[in-house]
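Residue numbers (the working numbering): 122 to 205.
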């Protein structure tokens, strides 16, 4: 599995990438051995596949929760109705 690691700076989306990692999660389930330098062709193939699928991703319409909903959830200890 190839994994993209993002920088901790300002997030500018999917292209804010600083390091690539590749792990054999069957042989190395704790992801201790990065295979990306030994298998660059596999990384390239997987990244092309990721880029292909990213072209078809629909932008999220998710917005931040309503402030009143957050206040009610914090006060009541659960998410529930907050409008009349």
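C-beta atoms are modelled at their ideal positions from N, C-alpha and C, and glycine is treated no differently.
**Item:** Inter-residue Cα distance where the pair is residue 152 and residue 142
**Value:** The residue labelled residue 152 in the question sits at position 31 within the chain shown. The residue labelled residue 142 in the question sits at position 21 within the chain shown. Spanning the two alpha carbons is a distance of roughly 9 Å.
**Message:** Cutting at 6 Å between CB atoms, please list the residues of its own chain near residue 200, excluding the five before and the five after it.
**Reply:** The sequence position of residue 200 within the chain shown is 79, counting from 1. Once the five neighbours on either side are set aside, the close Cβ partners of residue 200 are 194.
**Prompt:** From residue 168 to residue 183, what does the alpha carbon distance come to, in whole angstroms?
**Reply:** Counted from its first residue, the chain shown places residue 168 at position 47. Counted from its first residue, the chain shown places residue 183 at position 62. Approximately 26 Å, taken between the alpha carbons.
**Prompt:** Between 177, 202, 156 and 178, which lies nearest to residue 187 when the distance is taken from Cα to Cα?
**Reply:** Taking the chain shown and counting its residues from 1, the one referred to as residue 187 is at position 66. When each option's Cα is compared against that of residue 187, the closest is 202.
**Request:** Report the three-state DSSP secondary structure of residue 158 (helix, strand or coil).
**Result:** Position 37 of the chain shown, counting from 1, holds the residue named residue 158. Three-state DSSP puts residue 158 in coil, outside helix and strand.
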